[in-house]
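Working notes for the structure below.
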Amino acid sequence: MDESELTRGAPEASTLSDRFEGRVVLVTGATSGIGRASALAFAARGARLLLTGRDPGRGAAAVDACREAGAAEALFQAADLRDRSAAGALVETALGRFGRLDVAVNNAGHQERKAPLEEQDDAVYDAVFETNVHAVFALLRAQLRVMVRGAAIVNVASVSGLRNPNPGFSLYSASKAAVVSLTRSAALEAGPRGIRVNGVAPGRVVTPMMLASRVADMSAVAAGLPLRRMGRPEEVAEAIVWLASERASYLCGHILAADGGFLAG
74 MDESELTRGA
84 PEASTLSDRF
94 EGRVVLVTGA
104 TSGIGRASAL
114 AFAARGARLL
124 LTGRDPGRGA
134 AAVDACREAG
144 AAEALFQAAD
154 LRDRSAAGAL
164 VETALGRFGR
174 LDVAVNNAGH
184 QERKAPLEEQ
194 DDAVYDAVFE
204 TNVHAVFALL
214 RAQLRVMVRG
224 AAIVNVASVS
234 GLRNPNPGFS
244 LYSASKAAVV
254 SLTRSAALEA
264 GPRGIRVNGV
274 APGRVVTPMM
284 LASRVADMSA
294 VAAGLPLRRM
304 GRPEEVAEAI
314 VWLASERASY
324 LCGHILAADG
334 GFLAG
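Here my numbering is used: the first residue of the sequence shown is 74, the next is one more, and so on.
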């Protein structure tokens, strides 16, 4: 068997690109932090964007910023992903407005306030798992039903879901471990159809969620990382864009840690 048979379906090296002209990208949790930075990074590469979040005012601001950054088109749809119908409605909007869905970044997340496991109640559990697990499941289900060969999905997990769960954040850690497993399972199922599913596992990144987490000494946390600093949302966004791009065409089922070296220790 010759090389062409063994690599059938692989893109030509000359066509590999991190540009997204003509491609439709859905980003959840797009009004702040990693989601907003990702939306802007896709915008700068010419994507057509569907953004979602819970705050229409911040959504409008994100749309304006994406248009200024170079998006071919940008649209915001307010959604609370704890609503069981929200995922399907977003995909329907993508199809109705753009006629297709090429890339999805399932980023929206929720973290409980730091407390021992025995002090967490059912309402906190529901808020974390509805947002971090069920929403990702529902989004994947809706996205994979309409995506075709060449599409890509990037789920945002966490280093806490890979190793060393954070004391005081047991629910968040468990939910992100579920995201890792869903990502790998979806990759095995969708890969034969030419749809790549990967994940990014951010480490300590300065986002509104991180700043609200009640970690007492952020400076000490930063100093304990191999790079001796925390990350910026834009740094994680670049990893997300790369995974979604043709430049990562042979990555499927991979969880990329963007963690300043945390997992190396």
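Idealized CB from N, CA, C, for every residue including glycine.
Item	Value
Bounding residues of the beta strand (DSSP E) (the contiguous stretch that carries Glu-319)	Careful: Glu-319 lies outside any beta strand (DSSP E) and carries neither H nor E.
CB of Ala-331 within 8 Å of CB of Val-253, strictly	no
Whole-angstrom C-beta distance between Ala-151 and Cys-139, which should lie under 8 Å	No, Cys-139 and Ala-151 are not in contact; Cβ-Cβ is about 16 Å, not under 8 Å.
Boundaries (first-last residue) of the beta strand (DSSP E) holding Arg-140	Element bounds for Arg-140: not the beta strand (DSSP E) but the alpha helix (DSSP H), 129–142.
Nearest neighbour of Thr-280, chosen from Glu-94, Ser-105, Val-98, Arg-96 [CA to CA]	Ser-105
Same chain only: Cβ atoms within 6 Å of Leu-110, ignoring 5 sequence neighbours per side	It should be pointed out that residue 110 corresponds to Ala in this sequence rather than to Leu. The residues are Pro-306, Glu-307, Ala-310.
Spatially closest choice to Glu-192 from Ala-177, Glu-78, Phe-242, by CA coordinates	Phe-242
Exposed unless 16 or more other CB atoms sit within 10 angstroms - verdict on Val-221	exposed
Beta-carbon separation (whole angstroms), Leu-316 vs Leu-324, contact threshold 8 Å	6 Å
Beta-bridge partners of Ile-226, as assigned by DSSP	Ala-177, Val-270
According to DSSP, residues forming a beta bridge with Ala-120	DSSP output for Ala-120 lists no bridge partner at all.
Under 8 Å between C-beta atoms of Gly-333 and Leu-284	no
CB of Asp-153 within 8 Å of CB of Arg-131, strictly	no
Chain-order list of residues whose beta-carbon lies under 8 Å from that of Arg-163 (same chain, five-residue window excluded)	The residue you asked about is not Arg; residue 163 is Leu in the sequence shown. For Leu-163, where only same-chain residues beyond five positions count, the Cβ hits under 8 Å are Leu-99, Thr-101, Leu-123, Thr-125, Gln-150, Ala-152, Leu-212, Ala-215.
Backbone CA spacing between Ile-313 and Gly-161 [nearest angstrom]	23 Å
Sequence-distant residues of the same chain with beta carbon closer than 6 Å to Val-197, five excluded per side	Glu-185
Contact belief for Ala-114 with Arg-96 at Cβ below 8 Å, rounded distance in angstroms	About 13 Å; that fails the 8 Å criterion.
Rounded straight-line distance, which links the Cα of Ala-225 to that of Ala-260	10 Å
Buried or exposed (CB count within 10 angstroms, at least 16 for buried), Gly-41	Residue 41 is absent from the structure shown; the chain starts at 74 and stops at 338.
Environment of Ser-248 [buried if 16+ CB atoms lie within 10 Å]	buried
Gly-276 beta carbon less than 8 Å from that of Gly-304	yes
Alpha-carbon to alpha-carbon, Ala-200 and Ile-328	24 Å
Closest Cα partner of Val-176 within the set Ala-230, Gly-223, Arg-302, Pro-240	Gly-223
Extent of the continuous beta strand (DSSP E) run through Gln-150	146–151
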